[in-house]
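Visitor: My questions all concern the structure below.
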Amino acid sequence: MGFLGYRRPDGSVGIRNYVAVMSSVSCANGVVNALSREMTEIKPIIHTEGCGRGLADIAISTRTLAGLGKNPNVAAILIVGLGCEFIKAPGLADQIKPSQKPVEFLVIQENGGTVKTTRKAIEICGKFLDYADSIKRTDCGWDKLTLGLECGGSDALSGVTANPVIGVAADWLAAQGGTVILAETTEMIGTENILARRAADPAMGEKIKSLIRKQEKLTKDILGPLAGLVISPGNIEGGLSTIQEKALGCIIKAGNSRINELVEYSAAPSKKGLVIMDSPGSDIFQLTGMAASGAQLTLFSTGRGTPAGFPIMPVLKISSNTELFRKMEDDLDLDAGQVLAGKSIEAVGKELVSLMEEVVNGKQTKAEINRQDLLAIHTVGPAF
Amino acid sequence: MQEQINAVLIHPSDNVAVAIREIQPGEAILGLKQKISARQNIPRNHKVALVEISIGAKIIKYGETIGIAIQGIEPGDWVHTHNLKAEEI
Chain C
1 MGFLGYRRPD
11 GSVGIRNYVA
21 VMSSVSCANG
31 VVNALSREMT
41 EIKPIIHTEG
51 CGRGLADIAI
61 STRTLAGLGK
71 NPNVAAILIV
81 GLGCEFIKAP
91 GLADQIKPSQ
101 KPVEFLVIQE
111 NGGTVKTTRK
121 AIEICGKFLD
131 YADSIKRTDC
141 GWDKLTLGLE
151 CGGSDALSGV
161 TANPVIGVAA
171 DWLAAQGGTV
181 ILAETTEMIG
191 TENILARRAA
201 DPAMGEKIKS
211 LIRKQEKLTK
221 DILGPLAGLV
231 ISPGNIEGGL
241 STIQEKALGC
251 IIKAGNSRIN
261 ELVEYSAAPS
271 KKGLVIMDSP
281 GSDIFQLTGM
291 AASGAQLTLF
301 STGRGTPAGF
311 PIMPVLKISS
321 NTELFRKMED
331 DLDLDAGQVL
341 AGKSIEAVGK
351 ELVSLMEEVV
361 NGKQTKAEIN
371 RQDLLAIHTV
381 GPAF
Chain G
1001 MQEQINAVLI
1011 HPSDNVAVAI
1021 REIQPGEAIL
1031 GLKQKISARQ
1041 NIPRNHKVAL
1051 VEISIGAKII
1061 KYGETIGIAI
1071 QGIEPGDWVH
1081 THNLKAEEI
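As you go down the protein sequences, you meet chains C and G in turn. Just so we're aligned, residue 1 is where the first sequence starts under our numbering, counting upward by one. Just so we're aligned, residue 1001 is where the second sequence starts under our numbering, counting upward by one.
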């Protein structure tokens, strides 16, 4: 048993069937916005990058934007550029073309400004919408699904209820042959030995250790020696005794599967099963990285509550406690606080798997209903 | 049928559970297979030992080692920084 998805020409499978319009640079956002006011069916992808950055950031942004274009949830994509920017629309289109989906681009300076470019964009998107309509859901295997994992606005119960519940779903998908991405490198500090033991081979174990140590040094250098402790007096009062215990409360989202690969921010995994992505834990940067790496869906745990969603990837949110679920029910999909009322982690985990199946097959998440289309690209250097 | 619980066992191989409300000394720990009672006050979200853990033995939560016992620990004991330290990395 698999799910009903949209098969793409390259063999990947979407769980949604979007026509996306993406700016190659922030200067083109206005045209993308004008277009999305005219055509509410399209998914606008706008951001703050594309120019005025160092080479390292240009490389990350290019990889991220191309990855978003290649995401299987996107049926067809139009890229809008300005003309004089660093990340140009034609080059970005070329990077998406290997996915064999319809890709076109428009350059504002060559098309005579906002109004004329928008008019042309409407024409192209009309054609794309007809193309997307012609694709119907067909039977697909779970090996075609890549699942992102995230926690944000955590509380003391996130590691007791919501994250272990997500771990059940993550282990389930890995066992079905799917791909699961764990990120938030900062949250892994202290668990390098534990994660290295779970690596597929010793060489990857060493890579995991050096990645986490590098992050620990970076955290100390930028945030100061106190931040380097990572476990705070508040954490200790809250019942967490060691940094390992705190980190495991986050990592348990990925269940107990073997780690098969380590990828950079927004890079696509080549292996199935559990994969680690080097990404900041900050919510929206991470959602963007997950979608750019090809995740069609992300499971997101929260204890304090967040409305966050993503333009081209459903985000399914799980509350760590029932009080929050009642308070922010408009934004949350499942209550893992049921564990505190006596339901087992395994039983609530199975409920999550069922809900995940429904969402994969088309049921909208709360973030989709609310059109919580947030996006932020991770950067490492200054703007110029 | 769901029973009233006051503690959660996260992973089957764990030797500690998490109190989901404050548990008084002598009070039964509910929600586990074992019948044990708290030997001290267990604050909310803190850990309670499920088995005897000798000095130097591992404290297991999430199915992984979160620290090493620095005192002998009895079932029902509060487990925290006073009787547990991080494993050397």
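All C-beta atoms in this analysis are idealised placements derived from N, C-alpha and C, irrespective of residue type, glycine included. Keep in mind the model is a prediction, meaning the values are calculated, not measured.
1. Using 10 angstroms around the beta-carbon of C:Thr138, count the other beta-carbons present and answer buried if the total reaches 16, otherwise exposed.
2. Report yes or no: do the stretch 89-96 of chain C and the stretch 117-134 of chain C share at least 3 C-beta pairs separated by less than 8 Å?
3. Pop quiz: C:Pro72 and C:Thr179 are said to be a contact at Cβ under 8 Å. What is the actual Cβ separation, rounded to whole angstroms?
4. Do G:Ala1069 and C:Ile243 count as a contact pair if the criterion is CB distance below 8 Å?
5. Exposed or buried, what is C:Glu323 when buried is set at 16 or more other beta-carbons lying within 10 Å of its beta-carbon?
6. What residues in its chain sit with their C-beta under 8 Å from that of G:Tyr1062, if we drop five residues either side in the sequence?
7. Helix, strand or coil for G:Glu1027 per DSSP?
8. How many angstroms separate the CA atom of G:Met1001 from the CA atom of C:Thr48?
9. Cα separation between C:Ile276 and C:Gly11?
10. By a C-beta neighbour count over all protein chains shown, 10 Å radius and 16 as the cutoff for buried, is C:Cys84 buried or exposed?
11. What runs of the alpha helix (DSSP H), each 4 residues or longer, lie entirely inside the stretch 303-362 of chain C?
12. At 3 residues or longer, what runs of the beta strand (DSSP E) sit wholly inside the stretch 70-139 of chain C?
13. For the stretch 228-254 of chain C, which residues have a CB atom closer than 8 Å to at least one CB atom of chain G, in sequence order?
14. Work out the CA separation of C:Ala169 and C:Val107 for me, nearest whole Å.
15. Below 8 Å between beta carbons: does that hold for C:Ala34 and C:Val74?
16. So which residues on chain G does C:Gly177 lean against when the C-beta distance must stay under 7 Å?
17. Provide the residue(s) that pair with C:Glu184 in DSSP beta bridges, ordered along the chain.
18. Within the continuous alpha helix (DSSP H) that includes C:Ser26, where are the two ends?
19. Please classify G:Asp1077: is it buried, with 16 or more other beta-carbons within 10 angstroms of its beta-carbon, or exposed?
20. What whole-angstrom Cβ distance do C:Leu374 and C:Gly281 have, given they're in contact under 8 Å?
21. In whole angstroms, what is the alpha-carbon distance linking C:Ala341 and C:Glu329?
22. I want to verify the contact list: residues of chain D whose CB lies under 8 Å from the CB of G:Leu1084, in sequence order.
23. Here's the rule: buried if 16 or more other CB atoms are within 10 angstroms of the residue's CB, otherwise exposed. What is C:Glu192?
24. Strictly by DSSP, which residues pair up with G:Val1016?
25. Identify the continuous beta strand (DSSP E) that holds C:Arg7 and give its terminal residues.
26. Return the Cβ separation of C:Ala28 and C:Gly81 in integer angstroms, given the expectation that the two are a contact with Cβ distance under 8 Å.
27. Please compile the residues from chain G whose C-beta is within a distance smaller than 8 Å of the C-beta of C:Leu340.
28. Helix or strand or just coil, what does DSSP make of G:Ala1038?
29. Identify the continuous beta strand (DSSP E) that holds C:Pro44 and give its terminal residues.
30. Rounded to the nearest angstrom, what separates G:Ile1029 and C:Thr306 at their Cα positions?
31. Any chance you could list the beta strand (DSSP E) runs of at least 3 consecutive residues sitting entirely within the stretch 139-182 of chain C, in chain order?
32. Grab the span of the beta strand (DSSP E) containing G:Lys1058 for me, first residue to last.
33. Would C:Pro202 count as contacting chain G if we go by Cβ distances under 8 Å?
34. With C:Glu261 as the anchor, note down where its beta strand (DSSP E) starts and where it stops.
35. Using a 10 Å radius around the Cβ and a threshold of 16 neighbouring Cβ atoms, would you call G:Asn1083 buried or exposed?
36. Would you report the Cα separation of C:Ala376 and C:Ile284, rounded to the nearest angstrom?
Guide: With the given structure in hand:
1. Label assigned to C:Thr138: exposed.
2. Not touching, per the Cβ criterion.
3. About 12 Å separates the two Cβ atoms, so there is no contact after all.
4. No, these two residues do not count as a Cβ contact at 8 Å.
5. Under this definition C:Glu323 is an exposed residue.
6. If we look at G:Tyr1062 and ignore the five residues flanking it on each side, its Cβ neighbours are Ile1010, His1011 and Asp1014.
7. DSSP places G:Glu1027 in coil when its eight states are reduced to three.
8. Its pLDDT being 45, under 50, G:Met1001 is placed unreliably in this model, and the coordinates cannot settle the point.
9. Between the alpha carbons of C:Ile276 and C:Gly11 lies a gap of roughly 23 Å.
10. Counting the other Cβ atoms within 10 Å of the Cβ of C:Cys84 gives fewer than 16, which makes it exposed.
11. Unbroken alpha helix (DSSP H) stretches of 4 residues or longer found wholly inside the stretch 303-362 of chain C: 322-327 and 345-360, given in chain order.
12. The beta strand (DSSP E) runs of length 3 or more contained entirely in the stretch 70-139 of chain C are, from start to end of the chain, 74-81 and 103-107.
13. The residues in question are Ile236, Gly238, Gly239, Ser241, Thr242, Ile243, Gln244, Glu245, Leu248, Gly249, Ile251 and Ile252.
14. In a straight line, the C-alpha of C:Val107 is about 43 Å away from that of C:Ala169.
15. It is not a contact, given that the beta carbons lie outside the stated cut-off.
16. Result: empty, since nearest Cβ-Cβ is about 23 Å, beyond 7 Å.
17. By DSSP's assignment, C:Glu184 forms no beta bridge with any residue.
18. Annotation: C:Ser26 is outside any alpha helix (DSSP H) and is labelled neither H nor E by DSSP.
19. Here G:Asp1077 is buried: its Cβ has 16 or more other Cβ atoms, across all protein chains shown, within 10 Å.
20. No, C:Leu374 and C:Gly281 are not in contact; Cβ-Cβ is about 15 Å, not under 8 Å.
21. Our two residues, C:Ala341 and C:Glu329, have alpha carbons roughly 18 Å apart in a direct line.
22. Checking the listed chains, one finds no chain D in this structure; the protein chains it contains are C and G.
23. A buried status is given to C:Glu192, since no fewer than 16 other beta-carbon atoms sit within 10 Å of its beta-carbon.
24. According to DSSP, G:Val1016 bridges with G:Ala1049.
25. Per DSSP, C:Arg7 belongs to the beta strand (DSSP E) from Phe3 to Arg7.
26. At roughly 6 Å, the Cβ-Cβ gap stays under 8 Å, so C:Ala28 and C:Gly81 are in contact.
27. Ile1005, Val1008 and Ile1020, listed in chain order.
28. In the displayed model, G:Ala1038 falls within coil according to three-state DSSP, outside both helix and strand.
29. Per DSSP, C:Pro44 belongs to the beta strand (DSSP E) from Lys43 to Ile45.
30. Spanning the two alpha carbons is a distance of roughly 33 Å.
31. When DSSP assignments are scanned along the stretch 139-182 of chain C, the uninterrupted stretches of beta strand (DSSP E) that are 3 or more residues long and fall wholly within it turn out to be 146-151 and 179-182.
32. First-last of the beta strand (DSSP E) with G:Lys1058: Lys1058 to Lys1061.
33. For C:Pro202, the answer is no, since every Cβ of chain G falls outside 8 Å of its Cβ.
34. Element bounds for C:Glu261: Ile259 to Val263.
35. Counting Cβ neighbours within 10 Å, G:Asn1083 comes out buried, since at least 16 surround it.
36. Their Cα atoms are separated by approximately 6 Å.
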